[in-house]
Structures are given as C-alpha cells and as structure tokens.
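Enquirer: Start counting the sequence shown at 22; every next residue gets the next number (our numbering).
Note that beta-carbon positions come from the ideal geometry of N, C-alpha and C, so glycine has one too.
Owing to the predicted nature of the structure, the values given are computational and were not obtained by experimental measurement.
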Amino acid sequence: MISGQDVLILSTQDWDALPTRKHHWARSGPRPVAENLWVFTLPIVLPFFQMIAAINRMNNWLIAPVLRSAMRRIGFAHPILWTYTPHSADFVGHLGERLAVYECVDEFSASRGLVNSQTIAALERELLRRADVVIVTAPALFESKRALAREIHLVPNGVEVEHFARAASRDVVIPPDLARLPKPVVGFVGWIQYWVDFDLISYAARCRPDWSFALIGPVEPLARVDTVRGLPNVYFLGRKPYSEIPNYVAGFDVCINPFVLDALAESVSPIKLFEYLAAGKPVVSVDMAEARPFAQWLTLTRTAEEFLGGLDNALKENGSRAPDRQAAVAGHSWAARFAAVEQIIAARLAGGRA
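1. How many whole angstroms separate the CB atoms of I292 and V249, which I take to be in contact at a CB cut-off of 8 angstroms?
2. Taking R342 as the reference, which of A226, A371 and A299 has the closest Cα?
3. Hey, would you say V236 sits closer than 8 angstroms to F280, going by beta carbons?
4. Just mark Q347 as buried or exposed, buried being the case when its beta carbon has 16 or more other beta carbons within 10 Å.
5. Could you round the C-beta distance between R187 and P267 to whole angstroms and report it? I think they count as a contact, below 8 angstroms.
6. Just tell me which of I95, E172 and S130 has its CA closest to the CA of A368.
7. Under the DSSP definition of a beta bridge, which residues are partnered with T104?
8. Hey, out of T324, V28 and H108, whose CA is closest to V66's CA?
9. Let me confirm a value: V255 is counted as buried when at least 16 other C-beta atoms fall within 10 Å, else exposed. Which label applies?
10. Quick check: the segment 304–322 against the segment 194–206, are there 3 or more CB pairs under 8 angstroms?
11. Measure from the alpha carbon of E241 to the alpha carbon of each residue in Y215, V154, E296 and R119, then state which is nearest.
12. Please report how far the alpha carbon of P196 lies from the alpha carbon of L258, in whole angstroms.
13. Could you give the DSSP three-state label for T62: helix, strand or coil?
14. Under the rule that 16 or more other beta-carbon atoms within 10 Å means buried, what is Q71, buried or exposed?
15. The beta strand (DSSP E) that contains M249, what's its start and end?
16. Can you tell me which residues form a DSSP beta bridge with F234?
17. I believe A74 touches L144 by the beta-carbon criterion, under 8 angstroms. Please report the beta-carbon distance rounded to the nearest angstrom.
18. Given a threshold of 16 other Cβ atoms within 10 Å of its Cβ, counted over all protein chains shown, does L63 qualify as buried or as exposed?
19. With DSSP as the reference, label S90 as helix, strand or coil.
20. Please go through the same chain and pick out, in chain order, the residues whose beta-carbon is closer than 6 angstroms to the beta-carbon of S130, but skip the five residues on each side of it.
21. For R185, which of L294, R227, G117 and R323 has the nearest alpha-carbon?
22. Look up H174 in the DSSP assignment and give the residues it is bridged to.
23. Buried or exposed: which applies to W59, given that a residue is buried once 16 or more other Cβ atoms fall within 10 Å of its Cβ?
24. Can we say the segment 94–107 touches the segment 26–35, given the rule of at least three CB pairs closer than 8 angstroms?
25. Going along the chain, which residues of its own chain have a beta-carbon closer than 8 angstroms to the beta-carbon of I213, five neighbours each way excluded?
26. Starting from T447 and walking both ways along the beta strand (DSSP E), at which residues does that stretch end?
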C-alpha cells in the first residue's frame, strides 16, 4: 500500500497549474490533502538544461541539497521517489529513497521548444535503467521504454467520473461568458499548446462562420493561435477553475480533441477524451492511437474535411447516446487507476513484482 508511505514527487508542473494526472495522483489517499501534502517550489536553475546534459547535471547537483533540506523539515527519511521528469536520473540513489518510480506520461524527446531530442533521450535512458519501477500511460510508451526498464507497467489516464457527470445534470448552470456565445458551440478544454491543431480549428471556423468555437485553458507561447486570432467566431475564454470545468463542458454542443498528428500524439493518453465522455458529450477527435479504443462513442478523423463532417454529424445528435458514453468511461476513474498503481508499488515494496 502507498497509504502511510512518504512520497517525494518530482513534477514537470507547478501545483497550481492546470490539473493533470500528477495532481490527481498526489490527491489520492485516505486523508485530507491539508494533512499529508506539501508543495515545494524548487529554486531557479540554469537554462538550456533540456539541450545540454552537463547543464542538467549541474542543476541537479544544485537542487539535491535543497531537496534534502526540505525532506528533513517535513520528516521524510526514506521516501518513495516518484518522478515525472526524464532529467532526474541523478537523484536516484542519492535521496535515501526506498524505491524509485519513473512515471512517463509523454514522449519527451518529441517535445518542441528549447529541447534537444538526443539529449532528452539520453537522459531518459539513464533514468529508465536506474528506476525500480516504470509506469507509462500509453502502449507506444510501453513499447519504446520496455527494453531498458527493470519493471514496466501500462496504466492509462483516467477521469474524475462524478465530477464531469455534473455536466449532464439538468440543474447545471452554464457560465455567463460561455452562455452568451451564439449556438452551436464547439468546445475545447486543456492546455492550448503547440500540439493543438489550429489549422483544423481555423478550417472549421471559416467553413461554419455562424458557429462559436470556445477554447478554455491557458495559452502557451508556442501555440499557433495566430492561425485563428482574426476569426470573429473563435473565442479564447482563458483558464478556468477545475471546479467549474463541468459547467463549461455542459455548455458545449460538441467537444473536440484536435491534436497535431505526430510522434507526440501517438504516445499521448488525452485526459480530455475521458472528461468529455464522462460528461456524455458528442466528441470529434483526430485519429490518434489512444482515441481508437473509444471509436464506438466518438468520431475519429484524419483530414480537415473529415473533421468538419464529424462536427456536422455530431450536432445532429439528440443526446440519447450520453448515457452510453458515460458508461464507457465509468471504469476509468482516477480511483481505479490509483488502485492499480498502488498494487504495483505494494508488490515491489514487498520484494516481488505485480
């Protein structure tokens, strides 16, 4: 059991960022968050650590004593080290951890920006060799990491089922900034980053000028928003509190998952798909690997024309398929996912394998 264990999580996101798998994992457990969760922001480090391995090593050397000090302050002696970052191999075996877990949620070497793919791949290979347990979120990641991992398990992403089921409630209140938009509303929720295919959105918005396209989430610098900025029917509503997301999804007539189809997309398990389906909404997605198991409950597309046609068809629905969509993801709750991970870790701590 992980319950009762000290767990040191090295995350790639701030705690107050848009909630992802990392946040749901950290909140899992038998006690209120206020009693067993500490958030520590590491000091500023040298730039270009994703391009030059020597800089990453220097950063880790600077961070290690800061981490040890924080651990002493909260009484962590021999925690489970749980890392999400491929840059963290240097910490394994040097923080007094009883177990090192690498949870790989993306093909980081396929990332864009100030990233050298060869550097990231080399750093990750070292982490894969050192970690006691590797957990991945998609079959493509399982295949690409299994050769180096001592022990590897596939545990896909999930959804807070009850939270998003609120979107189907009759008494749900649509937020004013969404309610004022002309119908129908095509909606997206998530990080607005370079992996969002704005060519698809632009094509659909230009072909259907009477529709509203509502994008909810923080806009990152690499996102190609210039493609749609001048379109009067595309609305950026900004980041919203997680507690209010079901209310916004309730106001969507159809939800979209417009990933750019590349190597990164083939390794992603999109949380938003689970959330849309848990809300019972029609969904139009690009044809990516992790969407295909749900093809019965959503529309998969590969071209802009197919994407637009999928939206046209989705808007003809009368809501009768909502219960089926919700049933399709009922077994994919974060609680179920965490139980699977807990079993893996418990077996490893007991000296065996799950």
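Expert: Taking the coordinates as given:
1. Stepping through the sequence shown from its first residue, residue 292 is reached at position 271. Stepping through the sequence shown from its first residue, residue 249 is reached at position 228. Contact doesn't hold; Cβ gap of about 23 angstroms is too wide.
2. For the purposes of this step, residue 342 is taken as residue 321 along the sequence shown, with counting starting at 1. The residue with the shortest Cα to Cα distance from R342 is A299.
3. As a position in the sequence shown, residue 236 is number 215, starting the count at 1. As a position in the sequence shown, residue 280 is number 259, starting the count at 1. The residue you asked about is not Val; residue 236 is Leu in the sequence shown. No, Cβ-Cβ distance for L236 and F280 is not below 8 angstroms.
4. Counting from 1 along the sequence shown, the entry for residue 347 is found at position 326. Looking at its Cβ environment, which holds 16 or more other Cβ atoms inside 10 Å, Q347 is buried.
5. Working through the sequence shown from its first residue, we reach residue 187 at position 166. Working through the sequence shown from its first residue, we reach residue 267 at position 246. With a Cβ gap of about 4 angstroms, R187 and P267 count as contacting.
6. Taking the first residue of the sequence shown as 1, we reach residue 368 at position 347. Ranking the options by Cα distance to A368, first place goes to E172.
7. If you number the sequence shown from 1, residue 104 lands on position 83. Answer by DSSP bridge pairing, in chain order: L31 and Y123.
8. Counting from one through the sequence shown, the residue named residue 66 turns up at place 45. Here the closest residue by C-alpha is H108.
9. Here the question's residue 255 lines up with position 234 in the sequence shown. By the 10 Å Cβ count, V255 comes out buried.
10. no
11. Within the sequence shown, residue 241 is the residue found at index 220, counting from 1. Checked all of Y215, V154, E296 and R119; the closest Cα to E241 is Y215.
12. Reading the sequence shown from its first residue, position 175 is the one you call residue 196. Reading the sequence shown from its first residue, position 237 is the one you call residue 258. Spanning the two alpha carbons is a distance of roughly 11 angstroms.
13. As a position in the sequence shown, residue 62 is number 41, starting the count at 1. In the structure shown, T62 sits in coil (DSSP, three-state: anything other than H, G, I, E or B).
14. Position 50 of the sequence shown, counted from the first residue, corresponds to residue 71. That one is buried.
15. Here residue 249 refers to the residue found at position 228 of the sequence shown. Reading the sequence as shown, one finds Val at residue 249 and not Met. Here V249 belongs to no beta strand (DSSP E), and DSSP marks it neither H nor E.
16. Here residue 234 is taken as the residue at index 213 of the sequence shown, counted from 1. In the DSSP output, where bridge partners are listed per residue, F234 has V207 and V255.
17. Within the sequence shown, residue 74 is the residue found at index 53, counting from 1. Within the sequence shown, residue 144 is the residue found at index 123, counting from 1. That pair is a contact at about 6 angstroms.
18. Taking the sequence shown and counting its residues from 1, the one referred to as residue 63 is at position 42. Flag for L63 reads exposed.
19. Reading the sequence shown from its first residue, position 69 is the one you call residue 90. Helix, per DSSP.
20. The residue labelled residue 130 in the question sits at position 109 within the sequence shown. The residues are S138, I141 and A142.
21. If you number the sequence shown from 1, residue 185 lands on position 164. In the sequence on display, residue 185 carries Phe and not Arg. Cα-wise, what sits closest to F185 is L294.
22. Stepping through the sequence shown from its first residue, residue 174 is reached at position 153. Note: H174 sits in a beta bridge opposite I156.
23. The residue given as residue 59 occupies position 38 in the sequence shown. W59 comes out exposed.
24. yes
25. Taking the first residue of the sequence shown as position 1, residue 213 is located at position 192. If we look at I213 and ignore the five residues flanking it on each side, its Cβ neighbours are L236, G238, P239, V240, E241, A244, V246 and F257.
26. Nothing about residue 447 can be read from this structure; the chain reaches only from 22 to 375.
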